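Just below is one structure, and these are the notes that go with it.
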Amino acid sequence: MNELQDFSALDSHSDLEKYFTVFEGSSQEDVAYAKVFWNSLSLQPPVESSLVSVDIRQRLKVAKSPQPPNRGPSLSSNPKNDEVLQRAYQRQMEDERKRYMEMAKKRDEIMMLLKKQREERIKKEMISLQHKPRRLDLTERVSLKTPPEVLEQDIKEVQALI
Numbered sequence: 001m002n003e004l005q006d007f008s009a010l011d012s013h014s015d016l017e018k019y020f021t022v023f024e025g026s027s028q029e030d031v032a033y034a035k036v037f038w039n040s041l042s043l044q045p046p047v048e049s050s051l052v053s054v055d056i057r058q059r060l061k062v063a064k065s066p067q068p069p070n071r072g073p074s075l076s077s078n079p080k081n082d083e084v085l086q087r088a089y090q091r092q093m094e095d096e097r098k099r100y101m102e103m104a105k106k107r108d109e110i111m112m113l114l115k116k117q118r119e120e121r122i123k124k125e126m127i128s129l130q131h132k133p134r135r136l137d138l139t140e141r142v143s144l145k146t147p148p149e150v151l152e153q154d155i156k157e158v159q160a161l162i
């Protein structure tokens, strides 16, 4: 049984040598440096497996103080300022109204011009319609292309088939 324990101890010792590096014949200082070096070379997990993204801030923003940002005197408390602001607003609204009226006037002018051009085009088409050759229907076209003798012969042949 003693031999069996020695064999298992020897076997476990050889297993340990597979997993650990032994620094035989080195000074204690070299061994300490080597251990620090090998411990620092641990592999980092890939970026995909991390739970927290490095480039995104994970913290919430700091809340602002509850005091109002404008500590100066309020502009709306002065009646003169209110009147000035009211006049400026009315002037701005009047300018905007004028601009819209000008746009409507231009649109109406364009519509009138298009209507006039359309009427002129229709007049010209009516004049030219009198001088255009009229379109012939299908029977008249066929009769103009073939001589009447051939047409009569074709009609007789068709009637003979029926």
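Okay, so the sequence shown: first residue is 1 according to full-length UniProt numbering, each after it adds one.
No residue lacks a Cβ here, since even glycine has one placed at the ideal position from N, Cα and C.
Please read these numbers as outputs of a predicted model, since none were measured by experiment.
**OP:** Return helix, strand or coil for residue 125, following the three-state DSSP convention.
**Re:** For this step, residue 125 is matched to residue 125 along the sequence shown. Three-state result, residue 125: helix.
**OP:** Could you give the DSSP three-state label for residue 80: helix, strand or coil?
**Re:** Taking the sequence shown and counting its residues from 1, one reaches residue 80 at position 80. Reduced to three states, the DSSP call for residue 80 is helix.
Subject >> Own chain residues within Cβ distance below 6 Å of residue 83, not counting five before or after >> reply: Position 83 of the sequence shown, counted from the first residue, corresponds to residue 83. Excluding residues within five positions, none has a Cβ falling inside 6 Å.
Subject >> First through last residue of the alpha helix (DSSP H) which encompasses residue 31 >> reply: Taking the first residue of the sequence shown as position 1, residue 31 is located at position 31. It spans 28-40 - the alpha helix (DSSP H) in which residue 31 sits, taken as one unbroken run.
**OP:** Within the same chain, show all residues whose beta-carbon is closer than 8 Å to that of residue 88, passing over the 5 residues directly before and after it, in chain order.
**Re:** For the purposes of this step, residue 88 is taken as residue 88 along the sequence shown, with counting starting at 1. So no residue of the chain qualifies.
Original post:
What three-state label does DSSP hand residue 147 in the structure shown?
Top reply: Residue mapping note: residue 147 aligns to position 147 of the sequence shown, counting from 1. Coil.
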